[in-house]
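Enquirer: Numbering-wise, this note's numbering puts 600 at position 434 of the sequence shown, and it's gapless, one number per residue.
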Amino acid sequence: MADYFTSDHFKLLNRWKGQKRDESNPEQNRAYEDLKKAYEVTEAWADKVKEAMFPMGHVEIRKRPTNQGNNFASYNWAKIYPSSEAPKELAYTVGIGADDGFVVKIDTVGLDESSATRRAYLELRGAYDNTAPFVAKLPAADGLEKSLDQLTAWSVEAIRAFKQRYEEVVAKLTMGRSLSDEDLLKHFDGKPAFQTFRASWSPQDKALFCRLARAVHAAGLDWWHMGKNIQVRFGRKNPGSERAVGVLGVVRGTRARKISWTRPVGAVAKLNREPLTEDLVARIETALSAERESLDEWLVLETERPGLWPDQLRDDPLDPSEDMDDEEASDISDARQPVNRIYYGPPGTGKTYELSKLLKREYEQAMNLVSTEEWRNQFVVERVAGLTWWEGAAATLFDLGGRADVDAMLEHPFMQAIAATKTANKTTRNTVWGALQYHTIAESKMVKMSKRMAPAVFNKNEDSSWSFAGEWEQVGGDLRAIVAAYQAGPPASASIKRYSFVTFHQSYGYEEFVEGLRPVLGDDAEEGEIQYEIRSGAFKDLCRRARSAPEQRFAMVIDEINRGNISKIFGELITLIEADKREGAENAVSVALPYSGESFSVPGNVDIIGTMNTADRSLALLDTALRRRFEFVPVMPDARDDPGAPLAGLRVCSGEQVIDVPRLLDALNQRVEALYDRDHCIGHAYFTPLAKVPDGDERLVALQQVFSTRILPLLEEYFFEDWQKVRLVLADNQKPEGAQFVRECTDHEDNLARLFGGDHGLDSYATKRRYSVQDAAFSNPDAYIGIYQTLST
Numbered sequence: 167m168a169d170y171f172t173s174d175h176f177k178l179l180n181r182w183k184g185q186k187r188d189e190s191n192p193e194q195n196r197a198y199e200d201l202k203k204a205y206e207v208t209e210a211w212a213d214k215v216k217e218a219m220f221p222m223g224h225v226e227i228r229k230r231p232t233n234q235g236n237n238f239a240s241y242n243w244a245k246i247y248p249s250s251e252a253p254k255e256l257a258y259t260v261g262i263g264a265d266d267g268f269v270v271k272i273d274t275v276g277l278d279e280s281s282a283t284r285r286a287y288l289e290l291r292g293a294y295d296n297t298a299p300f301v302a303k304l305p306a307a308d309g310l311e312k313s314l315d316q317l318t319a320w321s322v323e324a325i326r327a328f329k330q331r332y333e334e335v336v337a338k339l340t341m342g343r344s345l346s347d348e349d350l351l352k353h354f355d356g357k358p359a360f361q362t363f364r365a366s367w368s369p370q371d372k373a374l375f376c377r378l379a380r381a382v383h384a385a386g387l388d389w390w391h392m393g394k395n396i397q398v399r400f401g402r403k404n405p406g407s408e409r410a411v412g413v414l415g416v417v418r419g420t421r422a423r424k425i426s427w428t429r430p431v432g433a434v435a436k437l438n439r440e441p442l443t444e445d446l447v448a449r450i451e452t453a454l455s456a457e458r459e460s461l462d463e464w465l466v467l468e469t470e471r472p473g474l475w476p477d478q479l480r481d482d483p484l485d486p487s488e489d490m491d492d493e494e495a496s497d498i499s500d501a502r503q504p505v506n507r508i509y510y511g512p513p514g515t516g517k518t519y520e521l522s523k524l525l526k527r528e529y530e531q532a533m534n535l536v537s538t539e540e541w542r543n544q545f546v547v548e549r550v551a552g553l554t555w556w557e558g559a560a561a562t563l564f565d566l567g568g569r570a571d572v573d574a575m576l577e578h579p580f581m582q583a584i585a586a587t588k589t590a591n592k593t594t595r596n597t598v599w600g601a602l603q604y605h606t607i608a609e610s611k612m613v614k615m616s617k618r619m620a621p622a623v624f625n626k627n628e629d630s631s632w633s634f635a636g637e638w639e640q641v642g643g644d645l646r647a648i649v650a651a652y653q654a655g656p657p658a659s660a661s662i663k664r665y666s667f668v669t670f671h672q673s674y675g676y677e678e679f680v681e682g683l684r685p686v687l688g689d690d691a692e693e694g695e696i697q698y699e700i701r702s703g704a705f706k707d708l709c710r711r712a713r714s715a716p717e718q719r720f721a722m723v724i725d726e727i728n729r730g731n732i733s734k735i736f737g738e739l740i741t742l743i744e745a746d747k748r749e750g751a752e753n754a755v756s757v758a759l760p761y762s763g764e765s766f767s768v769p770g771n772v773d774i775i776g777t778m779n780t781a782d783r784s785l786a787l788l789d790t791a792l793r794r795r796f797e798f799v800p801v802m803p804d805a806r807d808d809p810g811a812p813l814a815g816l817r818v819c820s821g822e823q824v825i826d827v828p829r830l831l832d833a834l835n836q837r838v839e840a841l842y843d844r845d846h847c848i849g850h851a852y853f854t855p856l857a858k859v860p861d862g863d864e865r866l867v868a869l870q871q872v873f874s875t876r877i878l879p880l881l882e883e884y885f886f887e888d889w890q891k892v893r894l895v896l897a898d899n900q901k902p903e904g905a906q907f908v909r910e911c912t913d914h915e916d917n918l919a920r921l922f923g924g925d926h927g928l929d930s931y932a933t934k935r936r937y938s939v940q941d942a943a944f945s946n947p948d949a950y951i952g953i954y955q956t957l958s959t
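1) Whose C-alpha, out of 803, 948, 714, is nearest the C-alpha of residue 900?
2) Determine the extent of the beta strand (DSSP E) in which residue 441 is found, giving its start and end residues.
3) Check residue 488 in the structure and name its three-state DSSP category.
4) Go through its chain and collect everything with a Cβ distance to residue 698's Cβ below 8 angstroms, but skip five positions before and after it.
5) Anyone know if the C-beta pair for residue 855 and residue 831 falls short of 9 angstroms?
6) Between residue 412 and the rest of its own chain, which residues show a CB-CB distance below 7 angstroms, the 5 nearest in sequence each way excluded?
7) Quick check: the Cα distance between residue 320 and residue 302, rounded to an integer number of angstroms?
8) Residue 819 by DSSP, collapsed to three states: which one?
9) If we ignore side chains and look at the alpha-carbon of each, how far apart do residue 642 and residue 605 end up?
10) Assuming contact is defined by CB atoms lying nearer than 9 angstroms, are residue 601 and residue 570 in contact in what I supplied?
11) Could you check if residue 862 is buried or exposed, using at least 16 other CB atoms within 10 Å of its CB as the buried criterion?
12) Starting from residue 415, trace the alpha helix (DSSP H) in both directions and tell me its first and last residue.
13) Residue 261 and residue 242: beta carbons closer than 9 angstroms?
14) Secondary structure at residue 175, three-state DSSP: helix, strand or coil?
15) Is the distance from the Cβ of residue 509 to the Cβ of residue 521 below 9 angstroms?
16) Return helix, strand or coil for residue 848, following the three-state DSSP convention.
17) Using three-state DSSP, classify residue 220 as helix, strand or coil.
18) Assuming residue 637 and residue 649 are in contact, meaning their beta carbons sit under 8 angstroms apart, how far apart are those beta carbons, in whole angstroms?
19) Is residue 950 near the ligand MG, going by C-beta to nearest heavy atom under 8 angstroms?
20) Which of the three DSSP states, helix, strand or coil, is assigned to residue 947?
21) Which same chain residues end up closer than 7 angstroms to residue 729 when comparing Cβ atoms and leaving out the 5 residues on each side of it in sequence?
22) Could you check if residue 279 is buried or exposed, using at least 16 other CB atoms within 10 Å of its CB as the buried criterion?
23) Find out if the Cβ-Cβ distance for the pair residue 964, residue 245 is shorter than 9 angstroms.
24) Look up residue 909 in the DSSP assignment and give the residues it is bridged to.
25) Could you check the C-alpha separation between residue 220 and residue 254 for me, to the nearest Å?
26) Quick one: give me the first and last residue of the alpha helix (DSSP H) that residue 256 is part of.
27) Mapping DSSP to helix, strand and coil, what is residue 244?
28) When the Cβ atoms of the region 830-847 are set against those of the region 526-544, are three or more pairs found closer than 8 angstroms?
29) Sort out for me which residues DSSP pairs residue 699 with in a bridge.
30) Going straight from the alpha carbon of residue 780 to that of residue 878, what length do you get?
31) Which residue's Cα is closest to the Cα of residue 240: 661, 815, 213, 197?
32) Compare the beta carbon distance of residue 436 and residue 529 with 9 angstroms and say whether it is the shorter of the two.
33) Taking Cβ to Cβ, would you say residue 665 is nearer than 9 angstroms to residue 525?
34) Let me know the secondary structure DSSP gives residue 460 once reduced to three states.
35) Exposed or buried, what is residue 758 when buried is set at 16 or more other beta-carbons lying within 10 Å of its beta-carbon?
36) Report the start-end ranges of each alpha helix (DSSP H) in the region 789-839 that is 4 residues or longer and not cut off at the edges.
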């Protein structure tokens with residue numbers, strides 16, 4: 167077979183399209199054989215796409231350059247059916263066309279233009295270009311520059327970017343075989359307990375469940391049974407695997423069908439054992455069909471395929487909780503294991519950007535999807551828990567109407583949050599009493615303590631209640647604003663953020679992360695005397711929040727995790743973060759914290775996510791205890807020029823010259839990796855801002871800034887001012903002098919004589935060579951183009 171497509175294949179398609187096959191024509195016979203070879207490449211292309219995206223599918227191809235009328239076609243193509251159940255009249259196709267270049271699309275098969283289904287398809291598809299919901303084209307010239315593997319990668323990205331899935335097109339064209347309710351339920355009846363269970367359903371129960379099952383299946387999601395209980399799950403699960411890729415929902419209940427829903431999708435918020443009703447199923451149907459993109463972001467899949475039924479998948483393994491009655495089984499959120507993950511890579515690869523997307527997607531919710539109570543809890547943690555005792559007492563008193571006794575104040579969430587963040591040897595009640603008395607006005611008749619501290623804002627009444635007095639109006643403005651915001655409730659634009667963000671550095675320690683001593687001006691100390699209190703750190707505070715909402719996921723985000731002293735920061739917690747050592751797990755472990763003496767364990771709904779810059783410290787040098795307990799996800803420079811890639815199509819034009827930014831970055835990184843290592847490559851994020859700058863001179867100026875202020879200093883740092891290696895990376899040793907960013911001075915001998923005289927006795931080879939940066943090169947397009955044009959292919 168031919169190794170790859172050639173420009174001759176396109177010329178032949180153009181030359182002979184529409185002409186009748188004439189076997190007596192030698193030129194035509196040669197063309198026919200060459201086009202058959204092109205079909206072999208198309209078949210290999212289709213096979214690779216099928217393996218990458220549709221492992222359960224199959225390829226069909228008719229390797230004849232002529233159509234059924236024996237006329238030369240203007241294209242060749244192969245059909246990819248995503249599964250054995252796919253209708254024969256619709257397929258993914260890959261191929262080349264005389265006028266279209268390289269094409270990947272969803273297309274009908276064997277239907278003439280007068281067919282009603284074909285007409286409906288054409289209306290659904292719209293224009294035959296890249297604006298269509300399931301068509302992707304690549305100009306012939308661009309496609310010919312790729313290898314077969316690169317063409318496959320482009321095809322996979324294009325299919326993933328289609329606005330409509332194969333199953334959606336099938337449904338809209340009503341091409342699929344319609345299962346009756348009984349036929350559908352047979353897919354679930356392989357488990358006898360389920361068959362017995364559903365025998366008691368009313369016709370309405372059965373119809374409602376089948377509606378839900380069809381909606382899930384049409385969205386490309388899977389159904390499977392759970393262990394020995396009468397429980398079915400849906401989400402994504404691979405054939406032959408016991409563990410699911412992701413669980414979206416569970417249907418359970420022996421007396422009434424109830425559904426748990428693990429994540430918000432469209433108008434459907436998280437649900438915990440909600441009754442399955444007509445209205446709820448209608449909302450789920452709408453959400454699954456309209457929110458495809460959010461589902462795709464959640465289930466980042468290597469392959470695409472139709473949804474599977476329980477008789478095509480293995481049951482989930484048994485859980486200890488399954489020994490309980492199904493109605494009391496643990497919530498579906500327990501099915502997800504806690505995540506300990508580190509994203510690593512060189513600088514500028516978008517680690518923080520990817521992390522911010524993950525946080526927004528997984529650990530943040532708009533207020534219309536969560537309860538006011540959860541917003542209040544977050545508000546108290548963020549705005550109130552860090553107040554001093556007297557400030558907390560004042561805010562509590564103000565929220566209670568300005569008059570309350572100590573018992574009422576101690577029950578208030580403000581005081582409970584403050585008490586939870588501080589640990590002292592005396593009781594909370596005594597501490598609050600002391601704060602109130604020390605900040606009582608001097609004129610108070612009910613407080614006999616002679617010592618007072620500023621500000622004086624309280625007064626004790628005869629009925630032992632407390633109220634405001636003295637300086638309250640002058641000093642209480644900030645506290646009144648906090649309470650007013652709390653009472654007003656969440657603003658429309660508010661969101662719940664279930665994560666904490668910290669950055670490790672050399673001086674960051676256990677005290678900031680878990681708990682430690684903090685200096686404070688004691689309310690019961692001599693004026694000006696410093697005391698110390700035990701204050702919870704960022705991780706301990708987050709764990710407290712996570713325990714209060716066990717059905718939600720929380721994340722401890724650690725930026726630059728490799729810059730801190732891991733043993734010093736995590737301390738005894740390094741064991742507790744393991745999945746099987748978490749709170750409630752089979753091998754749960756708790757420890758007594760060294761400062762407070764509290765028993766502490768890590769909740770199972772807390773994920774720990776870190777980022778690390780491999781240019782600061784490589785993975786090999788990371789603390790071994792940490793490496794054993796985390797999974798590592800590489801985030802490497804992406805110099806692809808394919809659709810969806812960060813630098814796709816990015817060029818800098820200056821007159822007739824065009825700088826190909828993806829090729830530029832690729833050439834730089836090949837040389838950096840050869841001279842240094844993979845951990846010190848240059849990230850694509852240095853160049854992505856160029857896409858927002860208008861092309862032409864303005865973008866060239868922006869590129870100059872990137873190179874002169876970011877890339878060149880970075881290379882200088884990497885190679886410890888070894889300018890010879892910097893020149894090699896920039897290909898300055900292969901470019902004309904005017905296009906060299908770093909120029910090696912050629913008057914070395916003369917310069918030695920100028921500095922030290924003719925009889926200097928120095929060996930010119932033993933003295934340091936001199937280099938200079940040429941500012942003019944940064945505005946010369948040839949300087950950039952030469953970086954990759956000098957690269958041997």
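Glycine included, every Cβ here is placed at the ideal spot set by N, Cα and C.
As the structure is a prediction and not an experimental result, all values here were calculated from the model.
Expert: With the given structure in hand:
1) As a first step, residue 900 is located in the sequence shown; it is residue number 734 there, counting from the start. For residue 900, the nearest C-alpha among the options comes from 948.
2) What you label residue 441 is simply residue 275 of the sequence shown in a count that begins at 1. For residue 441, the enclosing beta strand (DSSP E) starts and ends at 437-441.
3) Counting from 1 along the sequence shown, the entry for residue 488 is found at position 322. With a pLDDT of only 42 at residue 488, under the threshold of 50, the placement of this residue in the model should not be trusted, and no figure is reported.
4) Translated into positions along the sequence shown, residue 698 becomes position 532. So the list reads 683, 684, 685, 686, once near-sequence residues are dropped.
5) On the sequence shown, residue 855 is found 689 positions in, with the first residue counted as 1. On the sequence shown, residue 831 is found 665 positions in, with the first residue counted as 1. No, the Cβ-Cβ distance between residue 855 and residue 831 is not below 9 angstroms.
6) Numbered from its first residue, the sequence shown carries residue 412 at position 246. Apart from the 5 residues on each side of it in sequence, residue 412 sits with its Cβ closer than 7 angstroms to the Cβ of 401, 402, 464, 465 in its chain, given in chain order.
7) Walking along the sequence shown from the start, residue 320 turns up at place 154. Walking along the sequence shown from the start, residue 302 turns up at place 136. Going by the C-alpha atoms only, they are around 10 angstroms apart.
8) In the sequence shown, residue 819 corresponds to position 653, counting from 1. Assigned with DSSP and collapsed to three states, residue 819 falls in strand.
9) The sequence position of residue 642 within the sequence shown is 476, counting from 1. The sequence position of residue 605 within the sequence shown is 439, counting from 1. If you take the alpha carbons of residue 642 and residue 605, they lie about 13 angstroms apart.
10) Taking the first residue of the sequence shown as position 1, residue 601 is located at position 435. Taking the first residue of the sequence shown as position 1, residue 570 is located at position 404. If you check the CB distance, residue 601 and residue 570 do not come in under 9 angstroms.
11) Counting from one through the sequence shown, the residue named residue 862 turns up at place 696. Result: exposed.
12) Working through the sequence shown from its first residue, we reach residue 415 at position 249. Annotation: residue 415 is outside any alpha helix (DSSP H); the continuous beta strand (DSSP E) that includes it extends over 412-418.
13) Residue 261 sits at position 95 when you count from the first residue of the sequence shown. Residue 242 sits at position 76 when you count from the first residue of the sequence shown. The answer is yes: Cβ separation under 9 angstroms.
14) Walking along the sequence shown from the start, residue 175 turns up at place 9. In the three-state scheme derived from DSSP, where H, G and I count as helix and E and B as strand, residue 175 is classed as helix.
15) Within the sequence shown, the letter at position 343 stands for residue 509. Within the sequence shown, the letter at position 355 stands for residue 521. Yes, the pair counts as a contact, with Cβ atoms nearer than the cut-off.
16) Residue numbering aside, residue 848 sits at position 682 when the sequence shown is read from its first letter. When DSSP states are grouped into helix, strand and coil, residue 848 belongs to the coil group.
17) Stepping through the sequence shown from its first residue, residue 220 is reached at position 54. Residue state, collapsed to three classes: coil.
18) For this step, residue 637 is matched to residue 471 along the sequence shown. For this step, residue 649 is matched to residue 483 along the sequence shown. So it is not a contact: roughly 17 angstroms between Cβ atoms.
19) Within the structure as shown, the ligand MG is missing, as the structure has no ligands at all.
20) As a first step, residue 947 must be located in the sequence shown, where it is residue number 781. If DSSP states are grouped into helix, strand and coil, residue 947 belongs with the helices.
21) As a first step, residue 729 is located in the sequence shown; it is residue number 563 there, counting from the start. Here the set comprises 670, 671, 672, 782.
22) Residue mapping note: residue 279 aligns to position 113 of the sequence shown, counting from 1. Burial state of residue 279 is exposed, judged by a 10 Å Cβ sphere holding fewer than 16 other Cβ atoms.
23) Lying outside 167 to 959, the shown extent of the chain, residue 964 is not represented and no answer is given.
24) Within the sequence shown, numbered from 1, the residue matching residue 909 stands at position 743. According to DSSP, residue 909 bridges with 938.
25) If you number the sequence shown from 1, residue 220 lands on position 54. If you number the sequence shown from 1, residue 254 lands on position 88. Each residue's alpha carbon lies about 16 angstroms from the other.
26) Your numbering for residue 256 matches position 90 in the sequence shown. Careful: residue 256 lies outside any alpha helix (DSSP H), inside the beta strand (DSSP E) at 256-263.
27) As a first step, residue 244 must be located in the sequence shown, where it is residue number 78. Strand, per DSSP.
28) They do not touch, by the three-pair rule.
29) Along the sequence shown, read from residue 1 onward, the residue named residue 699 stands at position 533. Bridge partners of residue 699 according to DSSP: 684.
30) For the purposes of this step, residue 780 is identified with residue 614 of the sequence shown, where counting begins at 1. For the purposes of this step, residue 878 is identified with residue 712 of the sequence shown, where counting begins at 1. Going from the Cα of residue 780 to the Cα of residue 878 covers about 19 angstroms.
31) If you number the sequence shown from 1, residue 240 lands on position 74. Residue 240 has its Cα closest to that of 197, out of 661, 815, 213, 197.
32) If you number the sequence shown from 1, residue 436 lands on position 270. If you number the sequence shown from 1, residue 529 lands on position 363. Residue 436 is not a Cβ neighbour of residue 529, given a cutoff of 9 angstroms.
33) Along the sequence shown, read from residue 1 onward, the residue named residue 665 stands at position 499. Along the sequence shown, read from residue 1 onward, the residue named residue 525 stands at position 359. It is a contact, given that the beta carbons lie within the stated cut-off.
34) Here residue 460 is taken as the residue at index 294 of the sequence shown, counted from 1. The answer is helix: DSSP assigns residue 460 an H, G or I state.
35) Within the sequence shown, residue 758 is the residue found at index 592, counting from 1. Result: exposed.
36) Counting whole runs of 4 or more residues, the region 789-839 contains the alpha helix (DSSP H) stretches 790-795.
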